[in-house]
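Protein chains: 2
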Amino acid sequence: MSSDRQRHTGRLFVISGPSGAGKGTICKRILEDSDPSEITLSVSMTTRVPREGETEGVSYFFTDKENFREKIEEGGFLEYAQVYGNYYGTPKEYVMEKLEAGTDVILEIDIQGALNVKKAYSDAVLIFVLPPSMEVLRKRLTDRHTETEEAINMRLSETLKEMSVMDQYDYCIINDVLDDAVRAAEAVMKAEHSRATEDVCRRLVERYKEELD
Amino acid sequence: MSSDRQRHTGRLFVISGPSGAGKGTICKRILEDSDPSEITLSVSMTTRVPREGETEGVSYFFTDKENFREKIEEGGFLEYAQVYGNYYGTPKEYVMEKLEAGTDVILEIDIQGALNVKKAYSDAVLIFVLPPSMEVLRKRLTDRHTETEEAINMRLSETLKEMSVMDQYDYCIINDVLDDAVRAAEAVMKAEHSRATEDVCRRLVERYKEELD
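So the sequence lines, in the order shown, correspond to chains W and V. FYI, the numbering for the first sequence is 1 to 213, going by the numbering used here. FYI, the numbering for the second sequence is 1001 to 1213, going by the numbering used here.
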C-alpha cells in the first residue's frame, strides 16, 4: 500500500467472540448507525451452494473448489477455513479495495480466523466481544432453545478456551447493556482513525516539512 | 498495582504538541464535557513562588528545592524538568491515587515530558495534537501578537523537530475544526477503556473460570 493511499484509507475491524456474546447484533447496530460508504461488512467467498434468497456479491461470493484453492495458493485470502467439506474465506482484494476507497470494513469471524487476519494484515484491529458473565451466557444460550444442556456446557468450556487468546486482541468489549457495547465499539472505530502509525507520522512530517521549505 | 484495582482504574492521557496546536483548548473542552470524578487534570509540583490567585493543590503543589530533589531521588515523579532555575514535575503518587480511584487523568505537557511519562508508566496513552498545517500554525501564532516573525519561524522549525518523535505516540489528532478534535480525543479516551491489556485479560479469564468451576 503506498503512503499516499494510506492517508485516507479505511481501517479493518475484526469482531469476534464466543457464540451468544452478541457480536452479530453489535455489528448490525454499527452498520445501521453509519453510512455504507463509511463502514461496510466484508463479504466472504465460499464453495458451498447458494441458498434461496442469497445474492452473489452480497451474501457471499460463490465459487468452486478449484478456483478457491488457486486463490489460496496466490495468497488471495486474509483467512480461510474448511467447514463440513466447504471452503469459506475473506478475499484480500475485496477488503483492500474497500479500505483504499476510504471505507472501514467490519469482519465478523471466529477467533482462529481473527488471529489469521492479524498475521496477514497487521493493521487490522481485533475486537473481542464478551458476555458479562458465564451465567448470562448460559442464560442467553438456554433461551434460544436450540441446544441441549450438554451442548451448552461444552460451549461455555469452549468460551473459556477462546478467552485464553484474548490478550492477542486489541480491545475487549463486555456486552452487558447493548447500547453501551455499541458505543464502545463505535468509539474504538473512531479512535483508531487517530492512531499514530509509522506511516501516518512519516507522511505528516513530510507534508509539514515541504510546507516549511 | 494489584489486579483487583486495575479493574476499575482510570487511564492516564498525556496530551502534548506544538505551541499553537490548541492542546490547552482541547483539554479544557474535554473537562467541561465531563464529570470531575471521571476525568481530572493532573496538578504539577513546582519550586517556584506562588503567584497571586494561585491555590495550593489546585494550580500547583508548591514546595522547596530540597524537598523536590528528595522526591526525585525517591522516584516520586512521572516526569520533571528544570525551567529558569525552578523545578516542575508530575507527582507520581497524586496521579496514581486518582487512577486507582477510577478517575482518568489528563496531563498536558511538552514532548520530552510526555516521553518520560511513557517510560515511567507504560500504560499512559500519548496523544499528539497537531495544527492542520504550518500555514495555519503560523497564522495562529501571528494572531497572538506576542512574538516576532523570527521567533515564530523558530517555533515552526521546532514544531517540525518535535514531530519527528510523533511515532512514539499512540495517537495523533489534527486540530483543524475544534469540535472534531475534541470528539476525536474523547473517542480515544473512551476506546482506551476497552483496551485488552494483559492485566485485564488475565483478570477476566480468572473471573469466568471461577464462575464455571
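Ideal placement from N, C-alpha and C gives every residue a C-beta, glycine not left out. Since we're looking at a predicted model, the values are computed, not measured.
- Of the residues V:A1185, V:D1167, V:A1196, the one whose Cα lies closest to the Cα of I1174 (chain V) is V:A1185.
- In chain order, L1204, Y1208 make up the part of chain V whose C-beta sits under 9 Å from the C-beta of L130 (chain W).
- Neighbours of S19 (chain W) in chain V, taken as residues whose beta carbon is under 8 Å from its own, are absent, since the nearest beta carbon is some 15 Å off.
- Burial state of R1144 (chain V) is exposed, judged by a 10 Å Cβ sphere holding fewer than 16 other Cβ atoms.
- Between M189 (chain W) and D104 (chain W) the beta-carbon gap is near 6 Å, inside 8 Å, which marks them as a contact.
- Burial check for A1101 (chain V): the Cβ neighbour count within 10 Å stays below 16, so the residue is exposed.
- At a cut-off of 8 Å between beta carbons, A1196 (chain V) contacts chain W.
- The beta-carbon of K190 (chain W) is placed less than 8 Å from the nearest beta-carbon of chain V.
- Within the same chain, Cβ atoms closer than 8 Å to the Cβ of I1152 (chain V) are found at R1138, L1141, T1142, the five residues on either side in sequence being excluded.
- A Cβ-Cβ contact shorter than 8 Å links V1129 (chain V) with I1026 (chain V).
- Chain V has a Cβ within less than 8 Å of the Cβ of Y171 (chain W).
- Using a Cβ-Cβ cut-off of 8 Å, E1066 (chain V) does not count as an interface residue toward chain W, since no Cβ of chain W sits closer than that to its own.
- Contact between the stretch 1146-1163 of chain V and the stretch 191-199 of chain W is absent: fewer than three C-beta pairs spanning the two stretches fall below 8 Å.
- Around the C-beta of G53 (chain W), fewer than 16 other C-beta atoms lie within 10 Å, and the residue is accordingly described as exposed.
- Counting only runs that start and end inside the stretch 1140-1183 of chain V, the beta strand (DSSP E) elements of at least 3 residues fall at 1171-1174.
- Distance from Y1121 (chain V) to L1012 (chain V) at the Cβ level is roughly 6 Å; contact confirmed, criterion being Cβ atoms closer than 8 Å.
- A Cβ-Cβ separation of about 5 Å places T47 (chain W) in contact with Y87 (chain W) under the 8 Å criterion.
- Close CB contacts of F1077 (chain V) within its chain, under the 7 Å cut and outside five residues either way in sequence, are with K1071, G1089, T1090, P1091, K1092 (chain order).
- DSSP lists V:T1046, V:A1081 as the bridge partner or partners of Y1088 (chain V).
- Closest by C-alpha distance to S1133 (chain V), out of W:V136, W:D176, W:K209, W:E32, is W:K209.
- DSSP places T40 (chain W) within a strand segment (E or B) once states are collapsed to three.
- Put simply, the CB of V1200 (chain V) is near chain W, with a gap under 8 Å to one of its CB atoms.
- Residue burial is scored here from C-beta neighbours: E1038 (chain V) has fewer than 16 other C-beta atoms within 10 angstroms and is therefore classed as exposed.
- L1178 (chain V) has a beta carbon lying at 8 Å or more from every beta carbon in chain W.
- Around the beta carbon of V182 (chain W), 16 or more other beta carbons sit within 10 angstroms, so the residue counts as buried.
- Using beta-carbon distances, L1156 (chain V) counts as an interface residue toward chain W, with a partner under 8 Å.
- Note on geometry: alpha-carbon atoms of L1178 (chain V) and I1111 (chain V) lie some 21 Å from one another.
- With a 10 Å radius around the Cβ and a threshold of 16 neighbouring Cβ atoms, N67 (chain W) comes out exposed.
- Minimum Cα-Cα distance from D1176 (chain V) among the listed residues V:E1135, V:G1085, V:D1167, V:E1149 corresponds to V:E1135.
- By the rule that beta-carbons nearer than 8 Å mark a contact, L160 (chain W) touches chain V.
- Within chain W, no residue has its CB atom less than 8 Å from the CB of D1104 (chain V), the nearest being about 14 Å off.
- It is roughly 11 Å from the alpha-carbon of V1200 (chain V) to the alpha-carbon of T1009 (chain V).
- Chain-ordered, the chain V residues with CB closer than 8 Å to the CB of A184 (chain W) read K1190, A1191, H1193, S1194.
- By the rule that beta-carbons nearer than 8 Å mark a contact, D167 (chain W) touches chain V.
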